[in-house]
Amino acid sequence: MSQRRKFNLGFKFKVVVEALSERYTVQELARKHELHPNQISSWKKEFLQKGADVLGKETPAKEKREDVDKLYKVIGQQKMEIDFLKKALS
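First residue of the sequence shown? That's 9 in the working numbering, and the numbers climb one at a time after it.
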(Lines of atoms letter the chains of each structure in order from A and count residues from 1; the text may use other names and numbers.)
(Lines give C-alpha, C1' and ligand atoms only; values in the text may rest on other atoms or scores of the structure.)
Protein backbone atom coordinates (compact mmCIF):
# COMPACT_ATOMS: atom_id res chain seq x y z
CA MET A 1 0.00 0.00 0.00
CA SER A 2 1.46 3.36 -0.98
CA GLN A 3 1.88 6.25 1.39
CA ARG A 4 -0.30 9.30 1.18
CA ARG A 5 1.33 12.10 -0.80
CA LYS A 6 1.77 15.51 0.81
CA PHE A 7 1.79 18.65 -1.29
CA ASN A 8 3.37 21.94 -0.28
CA LEU A 9 1.60 25.28 -0.42
CA GLY A 10 3.39 26.37 -3.59
CA PHE A 11 2.25 23.34 -5.54
CA LYS A 12 -1.35 23.60 -4.33
CA PHE A 13 -1.45 27.31 -5.13
CA LYS A 14 -0.05 26.70 -8.63
CA VAL A 15 -2.69 24.06 -9.36
CA VAL A 16 -5.52 26.23 -7.99
CA VAL A 17 -4.41 29.23 -10.05
CA GLU A 18 -4.31 27.07 -13.18
CA ALA A 19 -7.79 25.76 -12.37
CA LEU A 20 -9.14 29.27 -11.82
CA SER A 21 -7.60 30.55 -15.06
CA GLU A 22 -9.82 28.06 -16.92
CA ARG A 23 -7.20 27.53 -19.61
CA TYR A 24 -7.37 23.83 -18.79
CA THR A 25 -10.20 21.65 -17.59
CA VAL A 26 -9.95 20.01 -14.19
CA GLN A 27 -9.51 16.68 -15.96
CA GLU A 28 -6.56 18.01 -17.96
CA LEU A 29 -4.95 19.48 -14.86
CA ALA A 30 -5.45 16.20 -13.00
CA ARG A 31 -3.65 14.30 -15.75
CA LYS A 32 -0.92 16.93 -16.00
CA HIS A 33 -0.15 16.91 -12.26
CA GLU A 34 -1.04 13.25 -11.60
CA LEU A 35 -3.85 14.14 -9.20
CA HIS A 36 -7.43 13.04 -8.82
CA PRO A 37 -9.87 15.64 -10.21
CA ASN A 38 -11.70 15.69 -6.88
CA GLN A 39 -8.49 16.80 -5.14
CA ILE A 40 -8.17 19.80 -7.45
CA SER A 41 -11.83 20.68 -7.01
CA SER A 42 -11.45 20.41 -3.25
CA TRP A 43 -8.39 22.71 -3.18
CA LYS A 44 -10.17 25.17 -5.47
CA LYS A 45 -13.31 25.21 -3.32
CA GLU A 46 -11.32 25.68 -0.09
CA PHE A 47 -9.29 28.47 -1.67
CA LEU A 48 -12.38 30.32 -2.84
CA GLN A 49 -14.04 29.99 0.57
CA LYS A 50 -11.15 30.72 2.89
CA GLY A 51 -8.31 32.19 0.85
CA ALA A 52 -4.69 31.14 0.52
CA ASP A 53 -4.28 30.40 4.25
CA VAL A 54 -6.35 27.23 4.04
CA LEU A 55 -4.01 25.60 1.52
CA GLY A 56 -1.00 26.15 3.72
CA LYS A 57 -2.15 24.67 7.00
CA GLU A 58 1.24 23.06 7.42
CA THR A 59 1.88 22.38 11.04
CA PRO A 60 5.05 23.90 12.40
CA ALA A 61 5.08 21.12 15.02
CA LYS A 62 7.71 19.15 13.12
CA GLU A 63 9.99 22.18 12.91
CA LYS A 64 9.47 22.90 16.61
CA ARG A 65 10.21 19.28 17.47
CA GLU A 66 13.46 19.43 15.51
CA ASP A 67 14.43 22.64 17.34
CA VAL A 68 13.66 21.07 20.70
CA ASP A 69 15.72 18.00 19.82
CA LYS A 70 18.68 20.21 18.87
CA LEU A 71 18.39 22.13 22.13
CA TYR A 72 18.28 18.92 24.18
CA LYS A 73 21.42 17.76 22.37
CA VAL A 74 23.19 21.03 23.25
CA ILE A 75 22.04 20.76 26.87
CA GLY A 76 23.37 17.21 27.06
CA GLN A 77 26.75 18.27 25.68
CA GLN A 78 26.98 21.18 28.10
CA LYS A 79 26.07 18.94 31.03
CA MET A 80 28.86 16.55 30.08
CA GLU A 81 31.31 19.45 29.86
CA ILE A 82 30.22 20.79 33.27
CA ASP A 83 30.58 17.35 34.86
CA PHE A 84 34.04 16.95 33.31
CA LEU A 85 35.16 20.36 34.56
CA LYS A 86 33.80 19.67 38.06
CA LYS A 87 35.83 16.45 38.21
CA ALA A 88 38.91 18.21 36.86
CA LEU A 89 38.69 20.93 39.52
CA SER A 90 38.14 18.46 42.39
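All residues carry an ideal CB built from backbone N, CA and C; glycine is no exception. A quick note: this is a predicted structure, and the numbers were derived from the prediction, not measured.
Give every residue of the same chain whose Cβ lies closer than 6 Å to the Cβ of residue i, excluding the five residues on either side of it in the sequence, and list them in chain order.
{"i": "residue 29", "result": "none"}
Around the C-beta of residue i, are 16 or more other C-beta atoms found within 10 angstroms, so that it is buried, or is it exposed?
{"i": "residue 37", "result": "buried"}
{"i": "residue 27", "result": "buried"}
{"i": "residue 48", "result": "buried"}
{"i": "residue 20", "result": "buried"}
{"i": "residue 78", "result": "exposed"}
{"i": "residue 76", "result": "exposed"}
{"i": "residue 95", "result": "exposed"}
{"i": "residue 58", "result": "exposed"}
Would you mind giving the Cβ-Cβ distance between residue i and residue j, rounded to the nearest angstrom? I have them listed as a contact below 8 Å.
{"i": "residue 55", "j": "residue 24", "result": "5 Å"}
Counting only the same chain and skipping the five closest in sequence on each side, list residues whose C-beta sits under 8 Å from that of residue i.
{"i": "residue 44", "result": "38"}
Got a sec? Which residues, its chain only, sit under 7 Å from residue i by beta carbon, not counting five neighbours each side?
{"i": "residue 34", "result": "27, 45, 48, 49"}
Using CA atoms only, rank isn't needed, just tell me which of the options is closest to residue i.
{"i": "residue 16", "options": "98, 10, 51, 73", "result": "51"}
{"i": "residue 22", "options": "10, 12, 40", "result": "40"}
{"i": "residue 42", "options": "31, 14, 71", "result": "14"}
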